[in-house]
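Engineer: Sharing a structure below in structure tokens format, with a few things to ask.
In my numbering, the protein residues as written are 1201 to 1662.
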């Protein structure tokens, strides 16, 4: 699906019912709303909290005297009023106090979808290891066959929240591949953790320039797997839409398709890369960390409405997942986690296969045992610059078209402020910035120049 023009992707779905007391400057000054104003006030949950606090402070000053309040606003103007409030009232402290004072979850019984891969480790382990219970939730994690199913069950409300690929909430918010629905991604689950696997039939074809005519599997169109594979082969001069075939294959079906000869290789989540080696049918060509060190892959995502309608539940769930993610980031916990997520209702994989992935001590299928402790790692912070990179690749390969406000979309979907707040509350360090440059196959990506980046590639559609 193509998107011809991107204004605010939330404007069609977010329902803000304005009135004299909604808290926005226009309402407080007594003026009506036009279409531009309504679109301009489709805001993030953080913005809504700001407005709610401002409105409460104004009411506390003027009581129920709407005429005096509106007259004062009319004389001062909205911007001046906000500045005046900030000078005498600690808005930031008020916001922090409200967030810290969230009550018990409005809803404790939750359904959370996951696709059975090691990238989902924090969401999965949080059930058997008690992280959901720690924050007052009775969350059931539900095994899901693939990403299209996870997306559809989330959109239908069958899942309260879901394990998703980091490009998915961006695509869903923009209406790329599905009906446009505002989604939020307040936490990444894993970084690194993928690999390109080739069939043992291609042991003599280690140079990607030899891959013309190959068929590769990826787990979903809107996935880091798809975008990293495309990036990788294009750097070797292959057009991924012309010189190779890329098929969407659910992760649990990757190994069977490789064995049957339906795929020459795949860029897949683990443990299915390691499972190909375990079964003697494939080898690890390269880890994705060697394409982009520290790249994001999977994440915790939910509809924006979930956070708006159930703020306490949202906060408790975010704490559960960030706490589990931080626990998984410690190497000394990886073997315990491997045993916890191996059973049939979770990954349904041999513990030694999972351990090879999580500990980074693994056989590569070429006769060597590798020691790569950060083959997969876990870091919850959703960098806005990573979201911008993903959007540039969606633009590069024709998944979206037209003008894209990269930073705006990334910031509305990747809720870095929420993640930082929870990380700090739990005693973990979080970055003070949300943008940084990234290096992919030796080339620097500057998130401040996304269009120039898209145009810099010789191969692409954008």
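For every residue, glycine included, the Cβ atom is placed at its ideal position computed from N, Cα and C.
Is there contact here, the region 1392–1406 with the region 1463–1472, by at least three beta-carbon pairs under 8 Å?
Structural biologist: Judged by Cβ distances under 8 Å, the region 1392–1406 makes contact with the region 1463–1472, as three or more pairs qualify.
Engineer: Assess contact between the region 1383–1392 and the region 1413–1423, defined as three or more Cβ pairs (one per stretch) separated by less than 8 Å. Is contact present?
Structural biologist: They do not touch, by the three-pair rule.
Engineer: Rounding to the nearest angstrom, what Cα-Cα distance links residue 1502 and residue 1441 in this structure?
Structural biologist: In a straight line, the C-alpha of residue 1502 is about 31 Å away from that of residue 1441.
Engineer: Can you look up residue 1503 in the DSSP assignment and give me helix, strand or coil?
Structural biologist: In this structure, residue 1503 counts as strand in the three-state DSSP scheme.
Engineer: Would you mind reading off the limits of the alpha helix (DSSP H) that contains residue 1402?
Structural biologist: Element bounds for residue 1402: n/a, residue is neither H nor E.
Engineer: State buried or exposed for residue 1304, treating a residue as buried only when at least 16 other CB atoms are found within 10 Å of its CB.
Structural biologist: With fewer than 16 Cβ atoms within 10 Å of its Cβ, residue 1304 is classed as exposed.
Engineer: Cα-Cα, which of 1589, 1445, 1652, 1655 is closest to residue 1462?
Structural biologist: Answer by Cα proximity: 1445.
Engineer: I need the DSSP call for residue 1491, collapsed to helix, strand or coil.
Structural biologist: DSSP places residue 1491 in coil when its eight states are reduced to three.
Engineer: Under 7 Å, do residue 1565 and residue 1455 count as touching if we go by C-beta distance?
Structural biologist: No, they are not a contact pair.
Engineer: When the distance is taken between beta carbons, is residue 1492 closer than 7 Å to residue 1312?
Structural biologist: Their beta carbons are not under 7 Å apart, which means residue 1312 does not touch residue 1492 by this criterion.
Engineer: Mind checking which residues open and close the alpha helix (DSSP H) that includes residue 1657?
Structural biologist: It is not in any alpha helix (DSSP H) - residue 1657 carries neither H nor E in the DSSP assignment.
Engineer: Roughly how many whole angstroms lie between the Cα atoms of residue 1222 and residue 1508?
Structural biologist: Bear in mind that the predicted position of residue 1222 carries a pLDDT of just 38, short of 50, making it unreliable; the figure below should be weighed with that in mind. So the alpha carbons of these two residues sit roughly 15 Å apart.
Engineer: Using 10 angstroms around the beta-carbon of residue 1532, count the other beta-carbons present and answer buried if the total reaches 16, otherwise exposed.
Structural biologist: Counting Cβ neighbours within 10 Å, residue 1532 comes out exposed, since fewer than 16 surround it.
Engineer: Could you check whether residue 1650 and residue 1599 sit closer than 7 Å to each other, using their CB atoms as the reference points?
Structural biologist: No.
Engineer: Residue 1647: buried (16+ other C-beta within 10 angstroms of its C-beta) or exposed?
Structural biologist: So residue 1647 ends up on the buried side.
Engineer: Assuming residue 1665 and residue 1582 form a contact by the criterion Cβ under 8 Å, report the distance between their Cβ atoms to the nearest whole angstrom.
Structural biologist: Missing from the structure shown is residue 1665; the chain here goes from 1201 to 1662 and no further.
Engineer: From the DSSP output, in three-state form, read off residue 1553 for me.
Structural biologist: DSSP places residue 1553 in helix when its eight states are reduced to three.
Engineer: What did DSSP end up calling residue 1588 once you bin it into helix, strand or coil?
Structural biologist: Looking at residue 1588 - three-state DSSP - the assignment turns out to be helix.
Engineer: Rank 1577, 1334, 1594, 1398 by C-alpha distance to the C-alpha of residue 1368 and give the top, closest one.
Structural biologist: Looking at the Cα atoms, 1594 is the closest of the given residues.
Engineer: By how many angstroms is the C-alpha of residue 1309 removed from the C-alpha of residue 1404?
Structural biologist: Taking the straight line from one Cα to the other gives about 53 Å.
Engineer: Report the three-state DSSP secondary structure of residue 1380 (helix, strand or coil).
Structural biologist: Note: residue 1380 maps to coil in three-state DSSP.
Engineer: Are residue 1524 and residue 1537 close, meaning C-beta to C-beta below 7 Å?
Structural biologist: Result no, Cβ atoms of residue 1524 and residue 1537 do not sit closer than 7 Å.
Engineer: Hey, out of 1345, 1406, 1578, whose CA is closest to residue 1449's CA?
Structural biologist: Out of 1345, 1406, 1578, 1345 has the C-alpha closest to the C-alpha of residue 1449.
Engineer: Taking the C-alpha atoms as reference points, what is the distance between residue 1330 and residue 1653?
Structural biologist: Going from the Cα of residue 1330 to the Cα of residue 1653 covers about 44 Å.
Engineer: Going by other Cβ atoms of all chains shown within 10 Å of its Cβ, with 16 needed for buried, is residue 1409 buried or exposed?
Structural biologist: So residue 1409 ends up on the exposed side.
Engineer: When you compare only the Cα positions, how much space is there between residue 1339 and residue 1437?
Structural biologist: Straight-line Cα distance between these residues: approximately 47 Å.
Engineer: With the cut-off set at 7 Å, would you say residue 1516 and residue 1336 are in Cβ contact?
Structural biologist: Yes. Within cutoff.
Engineer: Measure how close the beta-carbons of residue 1590 and residue 1390 come, nearest whole angstrom, since I'm counting them as under 8 Å.
Structural biologist: Going by Cβ atoms, the distance from residue 1590 to residue 1390 rounds to 15 Å, so no, they are not a contact pair.
Engineer: On the premise that residue 1518 lies in contact with residue 1613, defined as a C-beta separation below 8 Å, what is that separation, rounded to the nearest angstrom?
Structural biologist: Going by Cβ atoms, the distance from residue 1613 to residue 1518 rounds to 15 Å, so no, they are not a contact pair.
Engineer: Span of the beta strand (DSSP E) holding residue 1416?
Structural biologist: Run containing residue 1416: 1415–1418, per the beta strand (DSSP E) assignment.
Engineer: Does the beta-carbon of residue 1656 have 16 or more other beta-carbons within 10 angstroms, so that it is buried, or is it exposed?
Structural biologist: With fewer than 16 Cβ atoms within 10 Å of its Cβ, residue 1656 is classed as exposed.
Engineer: Give me, in chain order, the residues of the same chain whose beta-carbon lies closer than 6 Å to that of residue 1359; leave out the 5 immediate sequence neighbours on both sides.
Structural biologist: Correct list, in chain order: 1311, 1313, 1353.
Engineer: Between residue 1324 and residue 1514, is the Cβ-Cβ spacing less than 7 Å?
Structural biologist: No, these two residues do not count as a Cβ contact at 7 Å.
Engineer: Which residues does DSSP pair with residue 1467 in a beta bridge?
Structural biologist: Answer by DSSP bridge pairing, in chain order: 1396.
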